[in-house]
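Chemist: Taken in order, these protein sequences are the chains called A and B.
Last residue of the first sequence: 480 in our numbering, with the numbers rising by one and none dropped.
Last residue of the second sequence: 459 in our numbering, with the numbers rising by one and none dropped.
This structure is in structure tokens; I'll ask about it shortly.
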Amino acid sequence: MKAIQNFLEENIKPNFEKGGKLERYWPVYDGFETFLFVPGHTAESGAHIRDGIDLKRTMNTVIMALVPCLLFGMWNVGLHHYNALGIDATFTQQFIFGAIKVIPMVIVSYGVGLGLEFLFCVIKGHQIEEGYLVSGMLIPLIMPVDIPLWMVALSVAFAVVIGKEVFGGTGMNIFNPALLARAFAFFAYPSYMSGDKVWINTSVREGQAVVDGFSGATALGDLATTGATQYSAFDAFIGTIPGSIGETSVLLIILGAGLLIFTGIGSWRIMLSAVIGGAVMGLIFNAVAPFALSPEQQAFMAVPFWHQLILGGFAFGVVYMATDPVSGSQTETGKYIYGFFIGFLSIMIRVFNPAYPEGVMLAILFMNTMAPLIDHYVIQANIKKRQQRLALKTAGA
Amino acid sequence: MSEVIKIKRGVDIGLVGEVENEFAPALPVETVAIKPGDFHGVRFKLSVKEGDEVKAGSPLLFHKDDEAIKFTSPVSGEVAQVVRGEKRRILEVRVLADKEYTYEDFGAADPIELEREAIIEKMTASGCWTFLKQRPYNIVAETAKTPKAIFISGFDSAPLAPDMATLLEGNEKEFQTGIDALAKLTSGKVHLGLNADAPAGRVLSSVKGVEVNKYSGPHPAGVVGVQIAQIDPINKGETVWTINPEHVVIIGRLFLEGKFDARINIALTGSEIKDRKYHSTILGAAIKPFLKGNVSEGKNRIISGNVLTGTKITDEGYLSIYERQVTVLREGIDPELFGWLIPKPDKFSISRALPSFFMRQAEKFTGQKVAYDLDTNSHGEKRAFVVSGEYEQVFPFDIFPVQLLKAIMTNDIELMENLGIYEVVEEDFALCEVVCTSKIPVQETVRKGLDLMKEEMG
Numbered sequence: 084m085k086a087i088q089n090f091l092e093e094n095i096k097p098n099f100e101k102g103g104k105l106e107r108y109w110p111v112y113d114g115f116e117t118f119l120f121v122p123g124h125t126a127e128s129g130a131h132i133r134d135g136i137d138l139k140r141t142m143n144t145v146i147m148a149l150v151p152c153l154l155f156g157m158w159n160v161g162l163h164h165y166n167a168l169g170i171d172a173t174f175t176q177q178f179i180f181g182a183i184k185v186i187p188m189v190i191v192s193y194g195v196g197l198g199l200e201f202l203f204c205v206i207k208g209h210q211i212e213e214g215y216l217v218s219g220m221l222i223p224l225i226m227p228v229d230i231p232l233w234m235v236a237l238s239v240a241f242a243v244v245i246g247k248e249v250f251g252g253t254g255m256n257i258f259n260p261a262l263l264a265r266a267f268a269f270f271a272y273p274s275y276m277s278g279d280k281v282w283i284n285t286s287v288r289e290g291q292a293v294v295d296g297f298s299g300a301t302a303l304g305d306l307a308t309t310g311a312t313q314y315s316a317f318d319a320f321i322g323t324i325p326g327s328i329g330e331t332s333v334l335l336i337i338l339g340a341g342l343l344i345f346t347g348i349g350s351w352r353i354m355l356s357a358v359i360g361g362a363v364m365g366l367i368f369n370a371v372a373p374f375a376l377s378p379e380q381q382a383f384m385a386v387p388f389w390h391q392l393i394l395g396g397f398a399f400g401v402v403y404m405a406t407d408p409v410s411g412s413q414t415e416t417g418k419y420i421y422g423f424f425i426g427f428l429s430i431m432i433r434v435f436n437p438a439y440p441e442g443v444m445l446a447i448l449f450m451n452t453m454a455p456l457i458d459h460y461v462i463q464a465n466i467k468k469r470q471q472r473l474a475l476k477t478a479g480a
Numbered sequence: 002m003s004e005v006i007k008i009k010r011g012v013d014i015g016l017v018g019e020v021e022n023e024f025a026p027a028l029p030v031e032t033v034a035i036k037p038g039d040f041h042g043v044r045f046k047l048s049v050k051e052g053d054e055v056k057a058g059s060p061l062l063f064h065k066d067d068e069a070i071k072f073t074s075p076v077s078g079e080v081a082q083v084v085r086g087e088k089r090r091i092l093e094v095r096v097l098a099d100k101e102y103t104y105e106d107f108g109a110a111d112p113i114e115l116e117r118e119a120i121i122e123k124m125t126a127s128g129c130w131t132f133l134k135q136r137p138y139n140i141v142a143e144t145a146k147t148p149k150a151i152f153i154s155g156f157d158s159a160p161l162a163p164d165m166a167t168l169l170e171g172n173e174k175e176f177q178t179g180i181d182a183l184a185k186l187t188s189g190k191v192h193l194g195l196n197a198d199a200p201a202g203r204v205l206s207s208v209k210g211v212e213v214n215k216y217s218g219p220h221p222a223g224v225v226g227v228q229i230a231q232i233d234p235i236n237k238g239e240t241v242w243t244i245n246p247e248h249v250v251i252i253g254r255l256f257l258e259g260k261f262d263a264r265i266n267i268a269l270t271g272s273e274i275k276d277r278k279y280h281s282t283i284l285g286a287a288i289k290p291f292l293k294g295n296v297s298e299g300k301n302r303i304i305s306g307n308v309l310t311g312t313k314i315t316d317e318g319y320l321s322i323y324e325r326q327v328t329v330l331r332e333g334i335d336p337e338l339f340g341w342l343i344p345k346p347d348k349f350s351i352s353r354a355l356p357s358f359f360m361r362q363a364e365k366f367t368g369q370k371v372a373y374d375l376d377t378n379s380h381g382e383k384r385a386f387v388v389s390g391e392y393e394q395v396f397p398f399d400i401f402p403v404q405l406l407k408a409i410m411t412n413d414i415e416l417m418e419n420l421g422i423y424e425v426v427e428e429d430f431a432l433c434e435v436v437c438t439s440k441i442p443v444q445e446t447v448r449k450g451l452d453l454m455k456e457e458m459g
């Protein structure tokens, strides 16, 4: 360890320091060095001791919470591929097939995203911030498996540049960057982001063919168009249904949520109130289902509220996206309101507009816009209380 | 008996290096210094030059905007050096102490008999006035103001804090006289905050003429700002003064004996001090004699005060006026391989992403107190605000800390006022700074905000 450190100090670092040949690229070097070593920086002003937590560890914890979803997603991709072709495949074959599809997306997401981050940091002369580490993992997990890699790259570029860097980088963005990437792809290339062709990879080699009666639609897509689906609630809970790569397994998402809540890094307030919001909307639909116009819609509305919560990207969005502390509500009271409406609107959008079965994406982006407003009113209440205290005092005197 | 006020939000940081409950043999005081940096909101003017002979209580400096307020010498002797920094700003006025002190005579008097003006006059002339701090802005009290209350915290809840009863022992009469004088200065009450969970000692529990409130809970329960917020929060236009109990004793001596007798007790604390004991000394004393042969090898940080709010000084430095301990820690200058990844148990954290939280939970079952051997490493680099709801866990005020800090960073005066900047000072935010994931310099930012508000609002 000492040897690496000395090597860096003596042979590499001087090139990047002031006066060195590569002075401009200091942020890149610093990014790598601080990844390897937590620097020996000491507290210079104020308190002399500091908490052991930093942004790297925080972001890393979120990534850990995502790993089960990623691994499951890889296997699920393979599972559906071989099922669609009617081929009996082993678990390993299924997993490897999925990994071959998914890992390039992860690499493209990180490569393009971090590359752009580095570029902006070099231009601005800022240190590299860790925000993209989580976004870079989230983006592939919320894409359909058959999206071309260049679309992933373009969506990432849009999210990083327009969604984040123009606002000033990590901590300054208004929208969740990962969701912005998805929204970009969704509206720019709708045929690759919705419908029933993209969720299951059906590329065939010679001699292979898709089985008769195959449908590539997601459970949610089925319900929205026909009011029925071949997938059971149990399938949806375990996650063996088609969908965006990482979103399908509610079981593993709950596991991830457990880690986030346990470490305090994801807000349980947002998660809980979003689930309540979704359940409330689901119950309302259950109650009014008989009055729906078409039989399909009647059937969709009649889906039990708890079943709604385990379909589509609802759980994934609520656990990993709604809890983004930067784009979400920042006051503890505000978090309840923010979360509730995310859940409420997700289910509402998905049922009322079958063209957008992924209501959770739009609901979160919409509530990102509303979060500062919610915080504003929470803070105003505190200010009012202070002013009333003063008024009471002056009246009494 | 008054009700116990429970402070819920906060955290006790157990550190290695508690002081032993024992006094060390007295060490001679060779030099003392008054450090203008200790006082906020003052424009200083020198009253002496190098080589002048002074008595204990003779003015060294005075306040340009409030000329009655003198900053006096704690000992008699010779003005050895005026240390200046950038733009000739005065950093220290050093006095070489005599063996036997001679004192300026301010005349003994019973404060109960005296008028408010006479008390102010005695306190300002003797230098005792500078112990009074004024909120809003955390500045030296202005003589023209009458505070709505005076607050004294009778216990220190900071990490490695000395025991107040030990520091004050044997000064019953002095403390009572000091309180009698302070009672004349305010239009309201003198509030004394005591620890509900530990004995307060004879001096504090026997005092009369104060409103006693008891607090229980983790740090910052002993921080005077927290106590003010619980009892009588500061509204716009109101003034509150605060003072440390050890300074009340010195004020007491002024009225009992007519002299500025600046003897105080301090504690030597921190992991790098070998012999951690209480010491009797003088305000502003040089710390060198205490540390000689008493500090571990290696690169250390010497702090005048506690680890949360103290000032970094060198081994040639002097005690700060408002501090009651000297702490020495290791400097955390060693890089740590993948330090952000490995969940090492030797780091303190309020986050459950590190083992620290569980060690502190286990404390409740085993009864064994966890003591961290922390150094000064910042464990990460400065970032923008990302995490939310973090400061709120250790900030027992009805104030939105992050929003207030953002208002300060953007110089939004109206918002600062609305969010309650008058109610807080730097030290109230010390724990927020410790727990910050983004390593924001919180106390410095608050100070900047207070300075700006003072400039704008007067």
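Where is the CB? At the ideal position from N, CA and C, for every residue including glycine.
What are the boundary residues of the beta strand (DSSP E) that PHE396 of chain B is part of?
Modeler: Looking at the DSSP string, PHE396 of chain B is not in any beta strand (DSSP E), and its letter there is neither H nor E.
Chemist: Anything in the stretch 196 to 229 of chain A with a Cβ closer than 8 Å to a Cβ of chain B? List those residues in chain order, please.
Modeler: From the stretch 196 to 229 of chain A, only GLN210, GLU212, GLU213 and GLY214 have a Cβ closer than 8 Å to chain B.
Chemist: Relative to chain A, which residues along the stretch 364 to 397 of chain B have a C-beta separation below 7 Å, given in chain order?
Modeler: Against chain A - using a Cβ distance shorter than 7 Å - the residues of the stretch 364 to 397 of chain B are LEU375, THR377, ASN378, SER379, HIS380, GLY381, GLU382, ARG384, ALA385, PHE386, VAL387, VAL388, SER389, GLY390 and GLU393.
Chemist: For SER305 of chain B, would you say it is in contact with chain A, using Cβ-to-Cβ distances shorter than 7 Å as the test?
Modeler: Chain A contact via Cβ: absent.
Chemist: Using CA coordinates, which residue listed in B:GLU418, B:PHE358, B:GLY38 and B:ASN419 is at the minimum distance from GLY347 of chain A?
Modeler: The residue with the shortest Cα to Cα distance from GLY347 of chain A is B:PHE358.
Chemist: Mind listing which residues of the stretch 371 to 405 of chain A have their C-beta closer than 8 Å to chain B's C-betas, in chain order?
Modeler: Listed in sequence order: no entries.
Chemist: Could you name the residues of the stretch 412 to 426 of chain B whose beta carbon sits closer than 8 Å to any beta carbon of chain A, in the order they occur along the chain?
Modeler: From the stretch 412 to 426 of chain B, only ASN419, LEU420 and GLY421 have a Cβ closer than 8 Å to chain A.
Chemist: Out of A:ALA362, A:GLY252 and A:ILE466, point me to the one whose CA is closest to GLU212 of chain A's CA.
Modeler: Comparing Cα-Cα distances from GLU212 of chain A to each of A:ALA362, A:GLY252 and A:ILE466, the minimum goes to A:GLY252.
Chemist: Who are the near neighbours of ASP318 of chain A in its chain, counting only those whose CB is closer than 8 Å to its CB and skipping five residues on each side?
Modeler: The answer, listed in chain order, is ALA302 and ILE324.
Chemist: Which residues bound the alpha helix (DSSP H) around ASN98 of chain A?
Modeler: Unbroken alpha helix (DSSP H) run through ASN98 of chain A: 96 to 99.
Chemist: GLU173 of chain B to ALA98 of chain B, Cα distance in whole Å?
Modeler: So the two alpha carbons sit approximately 28 Å from each other.
Chemist: Are the Cβ atoms of ALA57 of chain B and SER77 of chain B separated by less than 7 Å?
Modeler: Yes, the pair counts as a contact, with Cβ atoms nearer than the cut-off.
Chemist: For LEU406 of chain B, would you say it is in contact with chain A, using Cβ-to-Cβ distances shorter than 7 Å as the test?
Modeler: Answer no: the Cβ-Cβ gap between LEU406 of chain B and chain A never drops below 7 Å.
Chemist: For the 8 Å Cβ check, are there 3 or more pairs between the stretch 177 to 192 of chain A and the stretch 156 to 167 of chain A?
Modeler: With the cut-off at 8 Å, the stretch 177 to 192 of chain A and the stretch 156 to 167 of chain A touch.
Chemist: Report the rounded CA-to-CA distance for VAL443 of chain A versus TRP233 of chain A, giving the unit in angstroms.
Modeler: Approximately 25 Å, taken between the alpha carbons.
Chemist: When the Cβ atoms of the stretch 189 to 202 of chain B are set against those of the stretch 456 to 472 of chain A, are three or more pairs found closer than 8 Å?
Modeler: In short, these stretches do not touch, since the Cβ pair count stays below three.
Chemist: Report the residue from A:ILE222, A:LEU376, A:LEU306 and A:LEU366 whose alpha carbon sits nearest the alpha carbon of ILE190 of chain A.
Modeler: Per the Cα distances, A:ILE222.
Chemist: According to DSSP, simplified to helix, strand and coil, what is MET2 of chain B?
Modeler: Here the model assigns MET2 of chain B a pLDDT of 48, short of 50, so the residue's position is not dependable, and the following value carries that caveat. The answer is coil: DSSP assigns MET2 of chain B none of H, G, I, E or B.
Chemist: By the criterion of Cβ-Cβ separation under 7 Å, what are the contact partners of PRO442 of chain B in chain A?
Modeler: What PRO442 of chain B touches in chain A: SER128 and GLY129.
Chemist: For LYS123 of chain B, which option in B:GLY210, B:SER158 and B:LEU183 has the closest C-alpha, if you only look at C-alpha atoms?
Modeler: It is B:LEU183.
Chemist: Per DSSP, TYR216 of chain B is paired with what?
Modeler: Paired residues: B:ILE6 and B:ASN196.
Chemist: Could you tell me whether the stretch 296 to 307 of chain B touches the stretch 126 to 140 of chain B, where touching means 3 or more Cβ pairs closer than 8 Å?
Modeler: Because the criterion of three Cβ pairs below 8 Å is not met, the stretch 296 to 307 of chain B and the stretch 126 to 140 of chain B do not touch.
Chemist: For LEU216 of chain A, which residues of its own chain have a beta-carbon under 7 Å away from its beta-carbon, when the five flanking residues on both sides are left out?
Modeler: Answer for LEU216 of chain A: MET142 and ILE146, listed in chain order.
Chemist: Closer than 7 Å, Cβ to any Cβ of chain A: which residues of the stretch 340 to 359 of chain B, in chain order?
Modeler: From the stretch 340 to 359 of chain B, only GLY340, TRP341, LEU342, LYS348, PHE349, SER350, ILE351, SER352, ARG353, ALA354, LEU355 and SER357 have a Cβ closer than 7 Å to chain A.
Chemist: What is the DSSP secondary structure of ARG136 of chain B, reduced to helix, strand or coil?
Modeler: Note: ARG136 of chain B maps to strand in three-state DSSP.
Chemist: Quick one: list the residues of chain A neighbouring ILE334 of chain B, beta-carbon separation under 7 Å, in chain order.
Modeler: Result: GLY123 and THR125.
Chemist: Go ahead and pull the three-state DSSP assignment for PRO378 of chain A.
Modeler: Residue state, collapsed to three classes: helix.
Chemist: Can THR315 of chain B and GLY271 of chain B be called in contact, C-beta distance under 7 Å?
Modeler: No, the pair does not count as a contact, with Cβ atoms beyond the cut-off.
Chemist: Going along chain B, which residues have a C-beta under 7 Å from LEU473 of chain A?
Modeler: Per Cβ cutoff of 7 Å: ASN236 and LYS237.
Chemist: Determine the closest residue to VAL33 of chain B out of B:ILE151, B:ILE288, B:GLU418 and B:LYS383, with distance taken between C-alpha atoms.
Modeler: Selected option, being the one with the closest Cα: B:ILE288.
Chemist: Run the CB neighbour count on GLU127 of chain A, radius 10 Å, all protein chains shown included, and call it buried at 16 or more, exposed below.
Modeler: Looking at its Cβ environment, which holds fewer than 16 other Cβ atoms inside 10 Å, GLU127 of chain A is exposed.
Chemist: Take the Cβ of PRO346 of chain B as the centre, count every other Cβ of all protein chains shown within 10 Å, and call the residue buried at 16 or more, exposed below.
Modeler: Counting Cβ neighbours within 10 Å, PRO346 of chain B comes out exposed, since fewer than 16 surround it.
Chemist: Below 7 Å between beta carbons: does that hold for GLY450 of chain B and ILE422 of chain B?
Modeler: It is a contact, given that the beta carbons lie within the stated cut-off.
Chemist: Report buried or exposed for ARG85 of chain B, applying the criterion of at least 16 other Cβ atoms within 10 angstroms of its Cβ.
Modeler: That one is exposed.
Chemist: Which parts of the stretch 102 to 170 of chain A are runs of the alpha helix (DSSP H), unbroken and 4 residues or longer, counting only runs that do not cross its ends?
Modeler: Counting only runs of 4 or more, we get 109 to 119 and 138 to 168.
Chemist: I'd like to know if GLN177 of chain A contacts chain B, where contact means its C-beta is closer than 7 Å to some C-beta of that chain.
Modeler: Output row for GLN177 of chain A: interface = no.
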